[in-house]
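Working notes, structure below.
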Amino acid sequence: MFAYLVRRLALMVVTLVGISIVIFFLLRIVPGNIVDILFAAAGYVDPAEKANLERELGIDQPLVVQYLHWIGGLLRGDLGFSYVSEKPALEEILPRIPITARLAGLALLFSTSIGIPLGVISAVRQGTRLDYALRVVSLSGLSLPSFWLGLLILTASVSMFGTMPIFNPNPRDFWEAFATYAVPAAAVGFRSAALTMRITRSSMLEVLRQDYIRTARAKGASEASVNFHHALKNAILPVITVVGIEAAFLIGGLIVTETVFNIPGVARFLVEAIRWRDYPIVQNLVMFIAVVVVVANFTVDMLYAVFDPRIRYTD
Amino acid sequence: MRSVRALAVVAAFSVFAVSNIALAGEPKQGGILRMYHRDSPGSASIHEGATYSLNVPFMPVFNNLVLYKQDVPQNSMNSIVPDLAESWAWSADNKKLTFKLRQGVKWHDGKPFTAADVKCTFDMLMGKSQQKFRQNPRKAWYSEVNDLTTNGDFEVSFNLKRPQPSLLALLASGYTPVYPCHVSPGDMRTNPIGTGPFKFVEFKANESIKLTRNPDYWKKGRPYLDGIELTIITNRSTAILAFVAGKFDMTFPTEVTIPLVKDVKTQAPNAICEITPTNVSTNIIVNSSSPPFDNQDIRRAMALALDRKAFTSILFEGQADIGGTMLPAPAGLWAMPKEMLETVPGYGPDVNANREEARKLMQKAGYGPDKRLAVKISTRNISIYRDPAVILIDQLKSIYIDGELDVVETANWFPKVARKDFTLGLNLTGNAVDDPDQSFFENYSCGSERNYTNYCNKEIEKLFDEQSQETNIEKRKKLVWEIDKKLQEDVARPIIFHSRMGSCWQPYVKGITMMVNSSYNGYRYEDVWLDK
């Protein structure tokens, strides 16, 4: 197990180095840079001013030098300065992380707390009206784009209640804060919940047909005990995998949700930074997301061992 | 007759504005004006930008030497009032403009404002100081200014190379605030210091901009508001819904499309919405130095093929204006009279006849139904550029031109245009000041950085200078009409239409005046108050 852990950690480092190279060079392949955009906004191009600005921002340097400069800074904890706001990148990124983390956490909570129980119910009541209804709900969740669902929620709130759940940076209490995040989290978590529900259902159906379930029932175990203790525990592994992947995938969904609900989180900030070609922000944010994804994958692998005693990652 | 009509329009606008104020009652102090902002500006420095996304939030932080009166909708020489200057005077030869400055004015950091600050600002704008702006998009505005001289702390003179009455108009724009000498251009981008009615509090990129009342503002009793907060909402649907839900007191000015104004009025019937010209024209940029558009006949044929009314009907439900380079009347001050405009090829009412003539010109150039001209029409990847480009492609088909849409990302648009790496392009041109000097020199003058088509006509250039020096308004107008007509006949940059956009605010917001011939100059907000 220890050797496996070391190998996994080493692999994580190699993955992150690879990602840093890919991010850095892909960003430079995208046509135009911050200076082009600034001049585009001003509607003219002055070659001398442009050269000065490129020199000032260091983007006139060879790419390898720029890359080493960035990585060197990253290792020292210096993320550089945002080209747009001219503030330290860390200062720009840090306050936005908790916002997105809360939203993503709540969305994940929503997706698992709704998706898993409904998936179990759907499997246990296979072929009933309830099962069909739940399958329609899950299919809707997978089919509705979150931006459309978000706009639908906003439009409905305005026309039905005359107000809308727009982001409030200074909530008065916990419930107001919860309300700020709950609706967007539900909008983005609905798709995840649908996916979790479908995976739980199919995994449960497979497990429920196993001999040991029949044995448990023959021994007189209650339905609840059979379903949740014996079946769900064994059906949960694929669900954990999906939830892990969804945790990473959520960032993509959050870009749209944060834009529609005007939440000043990391995801929306990343889109704006890409639009401005604000390299220090984009590079560091994508690296941050990469770390989150890599750590999430690592955690999922570790959870496998916790939930399935047969898995111990022996050499 | 025309001037009488123009006067009537000005009078009507003024009566409307005055009646608005009178109906509103006595202004009340206090309250925060909440607006949304359409995007996150690149910085807080007005001088380094060229978008009104900067003027709206940051104009309240500053003062100019002179300013367009904020409650008069139509900007003109008559609506210019003193701001940091108490008065101004031209020398006898009209080559020296002297301002007497207001005393006792303080910057937001407590330092005194003096003539040195004015000199610093304009030296930097002219590129004559040690400190440089990172970008200086309006340097050309001051090309006729030799230098600035100060006389003590409260008098400053602009010394000109030749008379230029319009300089005053340029100085009155929202684009011309006075900056402090003691704050670097870099600091002005992130933490602007002004003398204006509101102090800068914070600018969180992609999030919000906050201003607070300047208690030491030199104009006693102003501003009425305690502050202004702009929440940056890039998604237009969310922003409009939030306004309808009452989360904002005002929309971003001149940003609500005509169909959206209808939506707002349906969902929030009490909201006040005004649709005003923006002084932004949609036009075609033609690379006349590369074949086949080096052929004058093909350029003329293209201009003749335009059905401008179709553009305005499709895109603005008919609520846009058709004209030449200068903003059409009644909002615009310098536009050709309708009768004159209709004599310009392509502006006549009979579109079919125009297109018949265009087809003959195309055939003369060797094109026809069997030999069609394939051309790329480049434009920026933003709907306000893309949509008219698609209509243009459709219209050009009628004269044997098969256009292919070449959508260019914003980051690459101006570099591409500057390289002249286009054949035909669809472009938008915004004018900060309804004045021929700004429009002609910026967009049509030989060698100007924003003359994207490289149009250069020495004869017209002389007329540019002539009109610029003319002090008699009526004489100048006639010269301007002549120039505008010639520019359209030369197909220098065919103007398709001048857009109109809406702005909405809640009924309790008082003292808002939307300017009708510029979307850059009316955001001081010191007279705005909340009746609640």
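Chains as they are written, first to last, in my numbering: chain R, 95 to 409; chain D, 1174 to 1705. All C-beta atoms in this analysis are idealised placements derived from N, C-alpha and C, irrespective of residue type, glycine included.
- D:GLY1695 is the residue among D:ASN1645, D:LYS1201, D:GLY1695 and D:PHE1587 whose C-alpha sits nearest the C-alpha of D:THR1449.
- Only residues of its own chain outside the window of five on either side were considered, and among them PRO1230, PRO1233, VAL1234, PHE1371, LYS1372, PHE1373, VAL1374, GLY1400, ILE1401 and GLU1402 have a CB closer than 8 Å to the CB of D:LEU1384, listed in chain order.
- Closest in C-alpha terms to R:VAL231, from the list R:ASN262, R:TYR398, R:ALA183 and R:LEU212, comes R:LEU212.
- When CB distances to chain D are screened at a threshold of 8 Å, not a single residue of the segment 379-394 of chain R falls below it.
- Nearest Cα to D:ARG1207 within the set D:VAL1245, D:TYR1315, D:GLY1325 and D:PRO1426: D:PRO1426.
- Taken atom to atom, the span from the alpha-carbon of R:ARG102 to that of R:VAL116 is near 21 Å.
- Interface annotation, R:ASN356: in contact with chain D, CB-CB separation under 7 Å.
- D:PRO1255 has D:VAL1239 as its beta-bridge partners, per DSSP.
- Look at D:LEU1414: its C-beta is under 7 Å from a C-beta on chain R.
- Using a Cβ distance threshold of 7 Å, D:THR1455 and D:LEU1660 do not count as a contacting pair.
- Under the three-state reduction of DSSP, D:THR1287 is assigned to coil, being neither helix nor strand.
- In the displayed model, D:TYR1681 falls within coil according to three-state DSSP, outside both helix and strand.
- Boundaries of the alpha helix (DSSP H) around R:HIS163: 157-170.
- Pairing R:ILE334 with R:LEU289, the inter-Cα distance amounts to about 12 Å.
- Among the bridge pairs identified by DSSP, D:HIS1210 is matched with D:ILE1405.
- Contact annotation: the segment 1613-1627 of chain D touches the segment 1311-1325 of chain D, with at least three C-beta pairs closer than 8 Å.
- Just measuring C-alpha positions, the residue of R:LEU169, R:GLU317 and R:SER297 sitting nearest R:LEU331 is R:SER297.
- For R:PRO182, the pairing in a beta bridge is given by DSSP as R:PHE175.
- Within the segment 1408-1474 of chain D, complete alpha helix (DSSP H) segments of at least 4 residues are found at 1409-1417 and 1431-1440, given in chain order.
- In its chain, beyond the 5 residues on either side, PRO1518, GLY1519, ASN1527, ARG1528, GLU1530, ALA1531, LEU1534 and ILE1572 have a beta carbon closer than 8 Å to the beta carbon of D:LEU1477.
- In this structure, the beta-carbon distance from R:ALA279 to R:LEU197 falls below 7 Å.
- When Cβ-Cβ separations below 7 Å define contact, R:PRO125 makes contact with chain D.
- A buried status is given to R:ARG295, since no fewer than 16 other beta-carbon atoms sit within 10 Å of its beta-carbon.
- Contact with chain R is found for D:SER1410, since one of that chain's Cβ atoms lies less than 7 Å from the residue's Cβ.
- Restricted to the segment 254-316 of chain R, not a single beta strand (DSSP E) segment is unbroken, complete and at least 3 residues in length.
- Under the 10 Å beta carbon count, R:PRO259 is surrounded by 16 or more other beta carbons and is classified as buried.
- Interface annotation for the segment 255-269 of chain R against chain D: PHE255, GLY256, THR257, MET258, ILE260, PHE261 and PRO263, criterion Cβ-Cβ distance under 9 Å.
- The residue from D:GLU1699, D:PRO1522 and D:ALA1502 with its alpha-carbon nearest to that of D:ARG1395 is D:GLU1699.
- Against chain R, the CB of D:TRP1586 has a partner CB under 7 Å away; the residue lies at that interface.
- Taking C-alpha positions only, D:LYS1635 is separated from D:GLU1643 by approximately 12 Å.
- For D:GLY1576, no alpha helix (DSSP H) encloses it; the enclosing beta strand (DSSP E) starts and ends at 1574-1581.
- Close partners of D:VAL1417 in chain R (Cβ separation under 7 Å): VAL252.
- For D:PRO1310, the neighbours in chain R by C-beta distance under 8 Å run, in chain order, ALA136, GLY137 and TYR138.
- The alpha-carbon separation between R:HIS324 and R:LEU397 amounts to approximately 18 Å.
- Shortest Cα-Cα distance from D:PRO1680 to any of D:ALA1504, D:ALA1547 and D:TRP1702 involves D:TRP1702.
- Under the rule that a run must span 4 or more residues, the alpha helix (DSSP H) segments found entirely inside the segment 1491-1540 of chain D read 1511-1514 and 1524-1537.
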